[in-house]
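See below for the structure under consideration.
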Amino acid sequence: MFDNSIRPKIDPILIRLARHIADAGISANGVTLIGFALGCVAGVLIVFEAYWSALAFLLVSRLCDGLDGAVARLTHKSDFGGYLDIVLDFAFYGLIPTAFIIANPAANAVAGGVLLLTFYVNGASFLAYSVMAEKRGVDESDRGSKSLLYTIGLAEATETIIVFVLFCLLPAWFSLIAWVFAAVVAWTTLSRFMLARQTFGRD
2 MFDNSIRPKI DPILIRLARH IADAGISANG VTLIGFALGC VAGVLIVFEA YWSALAFLLV
62 SRLCDGLDGA VARLTHKSDF GGYLDIVLDF AFYGLIPTAF IIANPAANAV AGGVLLLTFY
122 VNGASFLAYS VMAEKRGVDE SDRGSKSLLY TIGLAEATET IIVFVLFCLL PAWFSLIAWV
182 FAAVVAWTTL SRFMLARQTF GRD
């Protein structure tokens with residue numbers, strides 16, 4: 002929901018940082034892999050309930066997620082790079098709730114499991130819509146230059162990062178936050194389903 006409004010504000014900063022990274026000879030795929038590795042460190046720290054340290058690694062990981070696309074645009078965009086980015090994004094989004102479940106299964110397992118289920122279904126709806134929209138030549142260029150066609154929803158990258166930050170800041174409230182965000186993600190999935198029905202028809 003907030004991605005479109007935030008992007009114009011952060012893109013100039015990302016581009017400046019990306020130039021330094023590209024000049025250092027680090028590829029966009031390298032930035033993607035570094036970001037995911039940092040996200041894995043955050044997950045391990047969460048398992049050991051080192052939430053403040055995990056938060057620092059989580060935020061730098063997501064900074065890398067924004068920088069990899071900027072580096073690619075300055076150097077070389079590739080289909081494999083887009084593929085790698087989306088796969089590792091989904092891996093990261095599943096990793097953080099799973100880490101909280103492992104850290105405190107008695108308190109977090111049910112809410113975390115439901116959140117992961119909504120992530121799974123929402124991810125499937127996102128990828129299926131992207132494939133069908135590309136097939137039909139649907140234009141959503143206002144979403145920026147991306148390897149996959151993105152659709153607007155209540156739960157996008159910005160909202161997910163905010164929720165993950167809240168998880169780290171308020172770990173005792175994980176279940177309540179997870180239940181609320183699971184409902185938001187489910188609504189996003191339903192909205193995308195209605196959009197797909199309107200865009201693609203019933204044929």
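Remember, the numbering used here sits 1 above the position in the sequence shown when you count from 1.
Glycine residues also receive a C-beta, built at the ideal position from the N, C-alpha and C atoms.
These figures come from a predicted structure and were not determined experimentally.
Would you say Phe165 and Ile103 are within 8 Å of each other, going by their C-beta atoms?
-> no
If you drop the 5 nearest sequence neighbours on each side, which residues of the same chain put their C-beta closer than 6 Å to that of Asp80?
-> none
Option in Gly95, Ser176, Ala38 with minimal Cα separation from Ser62 = Ala38
Segments assigned alpha helix (DSSP H), at least 4 residues, entirely inside the region 13-80 = 29-48, 52-75
Span of the alpha helix (DSSP H) holding Asn123?
-> 106-137
Trp174 - containing alpha helix (DSSP H), residue span = Taken as a continuous stretch (DSSP letters only), Trp174 belongs to no alpha helix (DSSP H), as it is neither H nor E.
Gly145 by DSSP, collapsed to three states: which one?
-> Reliability of the predicted coordinates at Gly145 is poor, the pLDDT of 49 falling under 50, and the value obtained from them is presented with this limitation in mind. Residue state, collapsed to three classes: coil.
Could one say the Cβ of Ala173 lies closer than 8 Å to chain D's Cβ atoms, at least one of them?
-> Of the chains in the structure shown, none is chain D; there is only one protein chain.
Cα-Cα separation, Val139 to Gly70 | 22 Å
Quick one: using the 10 Å Cβ neighbour count with 16 as the cut-off for buried, is Gly44 buried or exposed?
-> buried
Would Phe49 be called buried (16 or more neighbouring beta carbons within 10 Å of its own) or exposed?
-> exposed
In chain order, what residues of the same chain have a beta carbon less than 8 Å from the beta carbon of Thr99, not counting five sequence neighbours either side?
-> Gly44, Gly113, Leu117
Taking Leu15 as the reference, which of Tyr121, Arg193, Leu68 has the closest Cα?
-> Leu68
Should Phe201 and Met133 be called a contact, given that it needs their Cβ atoms to be closer than 8 Å?
-> yes
When burial is assigned at 16 or more other CB atoms within 10 Å of the CB, is Ala29 buried or exposed?
-> buried
Consult DSSP for Glu160 and reduce its assignment to one of helix, strand or coil.
-> helix
Flag this pair as yes or no: are the beta carbons of Leu75 and Ala19 separated by less than 8 Å?
-> yes
Alpha carbon to alpha carbon, how far is Asp90 from Ile162?
-> 11 Å
Would you please state the rounded distance, in angstroms, between the beta carbons of Val115 and Ala173? I believe it to be under 8 Å.
-> With 8 Å as the limit, Val115 and Ala173 do not qualify as a contact, their Cβ atoms being about 18 Å apart.
Quick one: what does DSSP say Leu150 is sitting in, helix, strand or coil?
-> Any reading at Leu150 must be qualified, since the residue scores a pLDDT of 48, below 50, and its modelled position is unreliable; the value itself is stated next. Note: Leu150 maps to coil in three-state DSSP.
Taking C-alpha atoms, which residue in Ala51, Cys169, Thr189, Leu34 lies nearest to Phe127?
-> Thr189
Nearest candidate by alpha-carbon position, reference Gly82, set Asp66, Tyr94, Ile22 | Asp66
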